[in-house]
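Colleague: Sequential numbering of the first sequence, starting at 131, is according to my numbering.
A virtual CB, placed ideally from N, CA and C, is assigned to each residue, including glycine.
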Amino acid sequence: MAEGSDRGPLRAPRGTHDVLWPQSSRWEAVVAGFAELARRWDFGLVLNPMFEESRLFRRGIGDESEVVGKEMYEFEDRGGRMLALRPEGTASVVRSFVEHRPPVPWKAWYVTPAFRYERAAAGRYRQHHQLGVEALGTDDPDLDVEVIALAAAFYAWLGLTRVELIVNSMGCPDCRPAYVEALRAHLDAHAGELCDEHRDRYVQNPLRVLDCKKPECRAATAEAPRLLDSLDEACAAHLARVRAGLDAVGVAHRIETRLVRGFDYYSRTTFEFTGLALEGAQNAVGGGGRYNGLVEQIGGPPTPGIGFGIGIERVLLACDAEGVFPAAPRPPDAFVVDLTGGEAARDLVAELRRAGLGAARAYDGRSLKSQMKQAGRSGAAVALIVGADELAAGTVTLRDLRHGTDQETVPRAAVLDRLRPQTEPPEKDPTP
RNA sequence: GUGGCCGUAGCUCAGUUGGUUAGAGCGCCAGGUUGUGGCCCUGGAGGUCGGGGGUUCAAGUCCCCUCGGUCACCCCA
């Protein structure tokens, strides 16, 4: 183990990253856009702790899952409590539901960091960020449709077009066991054909083999029984209703019987959004499903639920790959250039800001040329220049920085009125 | 966690079979213009060559370890 060596430069820990302006403007916009969609879909914001008792995740997500089994950031606090940084959002949200018992249906959205101790790569981080929703209290397939449609609307709002939605049903505790047995029987007969990894492990979790991308496993399961065919009547009807709903609201999707998601809590509807423009293996931009047994598992009353998580870094990567949703910096409305020692700038920016305008200025008594350069770089629409002449005359020189070199002399008292009409930004609708 | 590739100014990179004070473009700062940005010209600042150890008269160049990135596997967001 590398003891915190004191050599070398300080850097962000492996798998973490900083987001600086102007890149961060995309994050602001992503969250604002998602918040607006959540409002339309009638979801309210829920805030949860970033760490929880470890047992929440062990019980909720499943001890066997990769994420809990080997990727959790677990630690003991000074009081001897075993805690873990949240590896995903659902367990915490559901725990808060169980703890507070809000009236159902309870529709919550969140934005949160998620922590997983795994080897970093492009689009995979030890701390990444997820947007998500959880809806508890009803098994109504129309809700599945709403939840999936919300995610689809989000991708569309970003401008993404190359996103594919795959849907499957994991069945329920009534019909899945029989299927798992049938699948296991099939795998027993083909065990020799499986890839190295699954040859021995398929017994524990046969469903995993369906998800394996190795050609051997693909071939060995090509003729395997399909979960879709062994759904009981209720699960089959549920899925049919979800599919019809997606068609009705115009959400294109494809059934993928191999889709098996990583967490233990899923039942019935599962889905995943894949960024087709993304290179490499990290191309899932979002996913989720129904988890009708989860609330009970962590100590609440039997309550069905459904939700999804969307990885912000992934989605932004997909935007880069498709060339959409660029960073949109918000420049100041005016840049104050001061040649009098700073007092005029100090007072003028204060006045502009009180009036709701974005005001920037230079510091350290730079030269006029230097201040003008900064003004140009800032993206401000106008420069407000105050020198000895203007100070004496009670005016400011207002220079257009966007178009040409037009400038005019404006009485100091009229500056605000002169600025307001041309800078009032139209209230921007975050959706198309 | 396993294997491959990579790591030189803030950024993108060059750096000859190891050989004096490590370079370019962009960016930044200043000047050209005693009060005017964007283009242009001139100058300047800025580097533990990711970190540590080793080989050598000599290491950015070679070797080992380590940290970080990246690709594949794995896993998923």
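Should LEU358 be counted as a contact of the ligand MG given a C-beta to heavy atom distance under 6 Å?
Modeller: By its list of ligands, the structure shown contains no ligand whatsoever, and the ligand MG lies outside what it can speak to.
Colleague: Quick one: give me the first and last residue of the alpha helix (DSSP H) that PHE393 is part of.
Modeller: Locating residue 393 in the first sequence gives position 263, counting from the first residue. Annotation for PHE393: no alpha helix (DSSP H) segment contains it, and DSSP assigns it neither H nor E.
Colleague: Comparing C-alpha positions only, which one of THR470, PRO345, VAL223 and VAL454 sits nearest to VAL425?
Modeller: Taking the first sequence and counting its residues from 1, one reaches residue 425 at position 295. The shortest Cα separation from VAL425 among THR470, PRO345, VAL223 and VAL454 belongs to VAL223.
Colleague: Counting Cβ pairs closer than 8 Å, one from the stretch 431–442 and one from the stretch 256–275, do we hit at least three?
Modeller: yes
Colleague: When burial is assigned at 16 or more other CB atoms within 10 Å of the CB, is GLU520 buried or exposed?
Modeller: For the purposes of this step, residue 520 is taken as the residue at position 390 of the first sequence. Classification for GLU520: buried.
Colleague: Is it true that the CB of GLY174 sits closer than 7 Å to the CB of ALA279?
Modeller: As a working mapping, residue 279 is identified with position 149 in the first sequence. As a working mapping, residue 174 is identified with position 44 in the first sequence. In this structure, ALA279 keeps its C-beta atom at 7 Å or more from the C-beta atom of GLY174.
Colleague: Label TYR493 either buried or exposed according to how many other C-beta atoms from any shown protein chain fall within 10 Å of its C-beta, with 16 as the threshold for buried.
Modeller: One-based indexing of the first sequence puts residue 493 at position 363. Classification for TYR493: exposed.
Colleague: Report the three-state DSSP secondary structure of HIS328 (helix, strand or coil).
Modeller: One-based indexing of the first sequence puts residue 328 at position 198. DSSP places HIS328 in helix when its eight states are reduced to three.
Colleague: Does DSSP put TYR493 in a helix, a strand or coil?
Modeller: Counted from its first residue, the first sequence places residue 493 at position 363. Looking at TYR493 - three-state DSSP - the assignment turns out to be coil, as it is neither helix nor strand.
Colleague: Say whether the stretch 159–169 touches the stretch 278–297, bearing in mind that this needs 3 or more beta-carbon pairs closer than 8 Å, one atom from each stretch.
Modeller: yes
Colleague: Compute the Euclidean distance between the alpha carbons of GLU261 and GLY441, then round it to the nearest angstrom.
Modeller: Within the first sequence, numbered from 1, the residue matching residue 261 stands at position 131. Within the first sequence, numbered from 1, the residue matching residue 441 stands at position 311. The sequence shown places Leu at residue 261, rather than the Glu named in the question. Rounded to whole angstroms, LEU261 to GLY441 spans 7 Å at the Cα level.
Colleague: Can you give the Cα-Cα distance for TYR564 and ARG246, rounded to whole angstroms?
Modeller: It is not possible to answer for residue 564, since the shown part of the chain is limited to 131 through 562.
Colleague: Mapping the DSSP letters down to three states, classify VAL379 as helix, strand or coil.
Modeller: For this step, residue 379 is matched to residue 249 along the first sequence. Three-state DSSP puts VAL379 in coil, outside helix and strand.
Colleague: Give a yes or no on whether the C-beta atoms belonging to THR527 and THR535 are separated by under 7 Å.
Modeller: On the first sequence, residue 527 is found 397 positions in, with the first residue counted as 1. On the first sequence, residue 535 is found 405 positions in, with the first residue counted as 1. Their beta carbons are not under 7 Å apart, which means THR527 does not touch THR535 by this criterion.
Colleague: In this structure, does DSSP put GLY174 in helix, strand or coil?
Modeller: If you number the first sequence from 1, residue 174 lands on position 44. Shown here, GLY174 sits in a strand according to DSSP, grouped into three states.
Colleague: Quick one: any contact between the stretch 179–194 and the stretch 221–236, if contact means 3 or more CB pairs under 8 Å?
Modeller: yes
Colleague: Would you kindly work out how many angstroms separate the C-alpha atoms of PRO143 and CYS365, rounded to a whole number?
Modeller: Working through the first sequence from its first residue, we reach residue 143 at position 13. Working through the first sequence from its first residue, we reach residue 365 at position 235. Put simply, the backbone Cα of PRO143 is about 45 Å away from that of CYS365.
Colleague: My assumption, with CB atoms under 8 Å, is that GLY199 sits in contact with ASP207. Please give the rounded CB distance.
Modeller: Here residue 199 is taken as the residue at index 69 of the first sequence, counted from 1. Here residue 207 is taken as the residue at index 77 of the first sequence, counted from 1. At roughly 22 Å, the Cβ-Cβ gap does not stay under 8 Å, so GLY199 and ASP207 are not in contact.
Colleague: Which stretch, first to last residue, makes up the beta strand (DSSP E) that contains LYS237?
Modeller: Your numbering for residue 237 matches position 107 in the first sequence. 236–245 is the span of the beta strand (DSSP E), which, as asked, contains LYS237.
Colleague: When burial is assigned at 16 or more other CB atoms within 10 Å of the CB, is GLU473 buried or exposed?
Modeller: Counting from 1 along the first sequence, the entry for residue 473 is found at position 343. The residue is exposed, with fewer than 16 neighbouring Cβ atoms inside 10 Å.
Colleague: Tell me the start and end of each unbroken alpha helix (DSSP H) in the stretch 339–366 that is at least 4 residues and wholly inside, in chain order.
Modeller: 345–351
Colleague: Buried or exposed for GLU363, going by 16 or more other Cβ atoms inside 10 Å?
Modeller: As a position in the first sequence, residue 363 is number 233, starting the count at 1. Burial call: exposed.
Colleague: Which of the three DSSP states, helix, strand or coil, is assigned to GLU409?
Modeller: Residue mapping note: residue 409 aligns to position 279 of the first sequence, counting from 1. When secondary structure is reduced to three states using DSSP, GLU409 falls in the coil class, being assigned neither helix nor strand.
Colleague: Applying the criterion that 16 or more other CB atoms from any shown protein chain within 10 Å of the CB defines a buried residue, is MET212 buried or exposed?
Modeller: Stepping through the first sequence from its first residue, residue 212 is reached at position 82. Within a 10 Å sphere around the beta-carbon of MET212 sit fewer than 16 other beta-carbons, which makes this residue exposed.
Colleague: Which residue marks the beginning of the alpha helix (DSSP H) containing LEU482, and which one marks its end?
Modeller: Position 352 of the first sequence, counted from the first residue, corresponds to residue 482. LEU482 -> alpha helix (DSSP H) spans 473–484.
Colleague: Are the CB atoms of TYR396 and MET300 within a distance shorter than 7 Å?
Modeller: Looking up residue 300 in the first sequence gives position 170. Looking up residue 396 in the first sequence gives position 266. Yes, these two residues count as a Cβ contact at 7 Å.
Colleague: Report the start-end ranges of each alpha helix (DSSP H) in the stretch 407–463 that is 4 residues or longer and not cut off at the edges.
Modeller: 424–427 and 442–452
Colleague: Taking the continuous alpha helix (DSSP H) assigned at ASP530, which residues delimit it?
Modeller: For the purposes of this step, residue 530 is taken as residue 400 along the first sequence, with counting starting at 1. That residue, ASP530, is in no alpha helix (DSSP H); its beta strand (DSSP E) goes 525–530.
Colleague: Which residue wins for smallest C-alpha separation from GLU386, given the options GLY488, ALA352 and ASP394?
Modeller: One-based indexing of the first sequence puts residue 386 at position 256. Measuring from the Cα of GLU386, the nearest candidate turns out to be ALA352.
Colleague: Whose CA, out of LEU215, ALA523, LYS343 and LEU546, lies closest to the CA of ARG484?
Modeller: Numbered from its first residue, the first sequence carries residue 484 at position 354. With distances taken between Cα atoms, ARG484 lies closest to LEU546.
Colleague: Where does GLY190 land, buried or exposed, given buried means 16+ other C-beta within 10 angstroms?
Modeller: What you label residue 190 is simply residue 60 of the first sequence in a count that begins at 1. Buried, because 16 or more other Cβ atoms sit within 10 Å of the Cβ of GLY190.
Colleague: To the nearest angstrom, how far is it from the Cα of HIS147 to the Cα of ARG542?
Modeller: The residue given as residue 147 occupies position 17 in the first sequence. The residue given as residue 542 occupies position 412 in the first sequence. HIS147 and ARG542 have their alpha carbons spaced roughly 45 Å apart.
Colleague: DSSP three-state call for HIS147: helix, strand or coil?
Modeller: By one-based count along the first sequence, residue 147 stands at place 17. Coil, per DSSP.
Colleague: So what does DSSP say about PRO271, is it helix, strand or coil?
Modeller: To locate residue 271, count along the first sequence from 1; it is residue 141. Three-state result, PRO271: helix.
Colleague: Note down, in chain order, each residue of its chain lying with its Cβ closer than 7 Å to the Cβ of ALA74, except the 5 sequence neighbours on either side.
Modeller: No information on residue 74 is available, as it lies outside the stretch 131 to 562 that the chain covers here.
Colleague: Just mark SER500 as buried or exposed, buried being the case when its beta carbon has 16 or more other beta carbons within 10 Å.
Modeller: Working through the first sequence from its first residue, we reach residue 500 at position 370. So SER500 counts as exposed.
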